[in-house]
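Below is one structure, written out as structure tokens, with a few remarks after it.
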Amino acid sequence: MLSGCWPFDITQESKTLFRKILVVCVGNICRSPTAELMLRNALAPSAITVSSAGLSARVGEGVEASARQVLEDHGHSAEGFTARQLTADIVNESDLILVMEKQHVNQVLKIASHARGKVFLLGKWQSEREIQDPYRQGKAAFIHAHALIEDAVSSWAQRLVR
Numbered sequence: 001m002l003s004g005c006w007p008f009d010i011t012q013e014s015k016t017l018f019r020k021i022l023v024v025c026v027g028n029i030c031r032s033p034t035a036e037l038m039l040r041n042a043l044a045p046s047a048i049t050v051s052s053a054g055l056s057a058r059v060g061e062g063v064e065a066s067a068r069q070v071l072e073d074h075g076h077s078a079e080g081f082t083a084r085q086l087t088a089d090i091v092n093e094s095d096l097i098l099v100m101e102k103q104h105v106n107q108v109l110k111i112a113s114h115a116r117g118k119v120f121l122l123g124k125w126q127s128e129r130e131i132q133d134p135y136r137q138g139k140a141a142f143i144h145a146h147a148l149i150e151d152a153v154s155s156w157a158q159r160l161v162r
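So in full-length UniProt numbering, spot 3 of the sequence shown is number 3, and the numbers just go up one at a time.
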């Protein structure tokens with residue numbers, strides 16, 4: 001059982017509760033799909049499912065071109081990805097919600113206040129590092145965000161599949 005207050009410690013017992021992981025950013029076309037794809041690959045072949053959504057999603061769009069290129073450069077395919085809007089139902093279905101910025105925690109809780117305790121920064125294990133939005137910032141920003149996401153995903157994957 002989870003105990004304490006934000007940020008909660010991820011204990012051995014709590015790991016078994018995280019079967020549906022949701023990754024959240026703003027538009028659901030850059031950071032969260034990148035993290036979704038990386039985390040899904042890192043956790044394969046476990047029973048954990050990974051999805052993503054956006055706080056102000058660009059619903060129906062694919063991964064942004066620069067983000068897609070950086071993903072492909074690192075051996076990931078964003079083929080078939082479609083952005084979706086975060087809803088209370090999606091939050092309810094999720095066991096663990098990983099967000100990019102501290103302000104996203106509060107935005108998720110506005111959508112579903114009962115989610116407190118299952119919303120964490122993706123960069124939690126990197127001293128609560130936030131991963132800033134690279135959208136419209138040029139390819140270098142996407143490369144930087146990708147590196148931060150990769151580091152954070154690796155840390156979560158190690159803790160989730162021990």
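Here a beta-carbon is modelled for each residue, glycine too, at the ideal position from N, C-alpha and C.
- A straight line joining the alpha-carbon of Val-70 with that of Ile-149 spans about 12 angstroms.
- The C-alpha of Ser-66 lies about 10 angstroms from the C-alpha of Gln-137.
- DSSP, read as helix, strand or coil, puts Thr-34 in helix.
- For a cut-off of 8 angstroms, the C-beta gap from Gly-54 to Asn-28 is around 3 angstroms, short enough to register as a contact.
- The C-alpha of Asp-73 is placed about 27 angstroms away from the C-alpha of Ile-97.
- Rounded to the nearest whole angstrom, the CA to CA distance from Phe-18 to Ala-141 is 31 angstroms.
- Cβ-Cβ separation between Thr-34 and His-144: approximately 12 angstroms, too far for a contact (criterion under 8 angstroms).
- Segment contact: the stretch 78-86 against the stretch 152-159, fewer than three CB-CB distances shorter than 8 angstroms; contact not assigned.
- Looking from the CA of Leu-37, the closest CA among Asn-92, Val-24 and Ser-51 belongs to Ser-51.
- Distances from the CA of Leu-43 to each of Arg-31, Lys-20, Val-26 and Val-24 were compared; the closest alpha carbon is that of Lys-20.
- Beta-bridge analysis with DSSP links Thr-82 to no other residue.
- The shortest C-alpha to C-alpha distance from Ala-88 to any of Ser-127, Arg-116, Arg-31 and Asn-41 is the one to Arg-116.
- Contact annotation, Ser-46 with Val-161: C-beta distance approximately 6 angstroms; criterion of less than 8 angstroms satisfied.
- Sequence-distant Cβ neighbours of Val-24 in its own chain, meaning closer than 8 angstroms and more than five residues away, are Ser-32, Ser-52, Ala-53, Gly-54, Leu-55, Leu-86, Ile-97, Leu-98, Val-99, Met-100, His-104 and Val-108.
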